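Reviewing the structure listed below.
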Amino acid sequence: SAVISQKPSRDICQRGTSLTIQCQVDSQVTMMFWYRQQPGQSLTLIATANQGSEATYESGFVIDKFPISRPNLTFSTLTVSNMSPEDSSIYLCSVEPPGLKNIQYFGAGTRLSVL
Amino acid sequence: AQTVTQSQPEMSVQEAETVTLSCTYDTSESNYYLFWYKQPPSRQMILVIRQEAYKQQNATENRFSVNFQKAAKSFSLKISDSQLGDTAMYFCAFMKNTGNQFYFGTGTSLTVIP
């Protein structure tokens with residue numbers, strides 16, 4: 061498995077501001093993923109982040125709203141930009157662990173509330 | 068397109084009893100993976116069990132086992148000897164063999180009653 065640390069664990073933000081969420085892994089991984097879980101809902105993939113290339117966004121998500129950085133093989137950030145109350149969700153990162161395919165381990169998530 | 072359906076939004080079980088959570092899916096793929104993840108109130112998504120579609124043998128992990136019926140596209144999770152710590156939201160998920168994107172069900176909230 062992999063140990064995944066996400067920061068912050070929760071935050072309350074004002075409308076119009078931006079928040080950057082960090083995801084740190086204890087081992088080098090090629091694939092990192094960002095998910096959104098809206099209240100009472102299941103998880104929806106926002107984007108896939110590979111080191112050294114632009115993130116690949118899923119339908120309905122755009123880079124201007126959710127810019128992602130992937131500077132090395134153990135770290136990624138997701139920024140939620142120009143927030144509105146509709147962005148209130150849990151944001152989770154996950155990784156495909158080294159040496160394994162078709163499996164992902166998740167961080168503990170960031171609970172974001174936008175006022 | 069892949070879809071995953073969990074028809075039981077909420078379930079409860081007495082401590083030490085057995086409970087089965089249902090999951091059905093739809094796909095045209097012949098090779099894929101199925102998962103059960105557990106999300107307790109702490110929000111951490113924890114992998115409970117994984118099944119490879121080309122393996123006929125049902126996966127087991129201690130008190131957790133699955134009943135995988137490929138023809139029926141059914142993938143239920145059985146929890147034996149339920150414990151209070153099993154209280155959580157349980158998500159069924161599908162992944163193509165050739166990809167890494169999850170398709171999640173809507174979840175089943177399980178409460179273990181002391």
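Chains as they are written, first to last, in our numbering: chain A, 61 to 175; chain B, 68 to 181.
Note that CB positions come from ideal geometry on N, CA and C, so glycine has one too.
Keep in mind it's a predicted model, so treat the numbers as computed, not measured.
Within-8 Å CB hit, residue i to chain A
| i | result |
| --- | --- |
| residue 124 (chain B) | no |
| residue 171 (chain B) | yes |
| residue 164 (chain B) | yes |
Among the options, the one whose alpha carbon lies nearest that of residue i
| i | options | result |
| --- | --- | --- |
| residue 103 (chain A) | B:172, B:153, B:118, B:78 | B:172 |
| residue 128 (chain A) | A:113, A:158, A:168 | A:113 |
| residue 132 (chain B) | B:124, B:145, B:140 | B:145 |
| residue 144 (chain A) | A:125, A:168, A:117, A:160 | A:125 |
| residue 88 (chain A) | A:118, A:63, A:115 | A:63 |
| residue 97 (chain A) | A:159, A:147, A:158, A:161 | A:147 |
| residue 98 (chain B) | B:165, B:174, B:176, B:178 | B:165 |
| residue 159 (chain A) | A:78, A:121, A:91, A:120 | A:91 |
| residue 136 (chain A) | A:70, A:173, A:121, A:152 | A:152 |
| residue 139 (chain B) | B:116, B:102, B:93 | B:93 |
7 Å Cβ cut-off: residues of chain A touching residue i
| i | result |
| --- | --- |
| residue 168 (chain B) | 105 |
| residue 174 (chain B) | 102 |
Nearest-angstrom Cβ-Cβ length linking residue i and residue j, presumed shorter than 8 Å
| i | j | result |
| --- | --- | --- |
| residue 170 (chain A) | residue 68 (chain A) | 6 Å |
| residue 157 (chain B) | residue 105 (chain B) | 6 Å |
| residue 154 (chain A) | residue 93 (chain A) | 5 Å |
| residue 71 (chain B) | residue 149 (chain B) | Not really, about 23 Å apart at Cβ, beyond 8 Å. |
| residue 85 (chain B) | residue 147 (chain B) | 5 Å |
| residue 90 (chain B) | residue 73 (chain B) | 5 Å |
Partners in chain A for residue i, counting only beta-carbon separations shorter than 9 Å
| i | result |
| --- | --- |
| residue 158 (chain B) | 102, 103 |
Below-8 Å beta-carbon distance, residue i vs any chain B residue
| i | result |
| --- | --- |
| residue 130 (chain A) | no |
| residue 169 (chain A) | yes |
| residue 121 (chain A) | no |
| residue 126 (chain A) | no |
| residue 117 (chain A) | no |
Amino acids of chain B, ordered along the chain, whose beta-carbon sits closer than 7 Å to that of residue i
| i | result |
| --- | --- |
| residue 75 (chain A) | Correct list: empty, because the minimum Cβ distance to chain B is about 24 Å. |
Proximal chain B residues relative to residue i, where beta-carbon distance stays under 8 Å
| i | result |
| --- | --- |
| residue 135 (chain A) | What residue 135 (chain A) touches in chain B: nothing, since even the nearest Cβ is about 19 Å away. |
Cβ-heavy atom distance, residue i to the ligand PLP, below 7 Å
| i | result |
| --- | --- |
| residue 122 (chain B) | The ligand PLP is absent from the structure shown, which contains no ligand whatsoever. |
Chain B contacts made by the region 87–99 of chain A, where a contact means CB separation under 7 Å: 91
For the region 150–163 of chain A, list every residue whose C-beta sits within 9 Å of some C-beta in chain B, in sequence order. 150, 152, 154, 156, 161, 162, 163
Please list, in chain order, the residues of the region 95–122 of chain B that have any C-beta partner in chain A closer than 9 Å. If you check each beta-carbon in the region 95–122 of chain B against every beta-carbon of chain A, the ones closer than 9 Å belong to 99, 100, 102, 104, 106, 109, 110, 111, 112, 113, 114, 117, 119.
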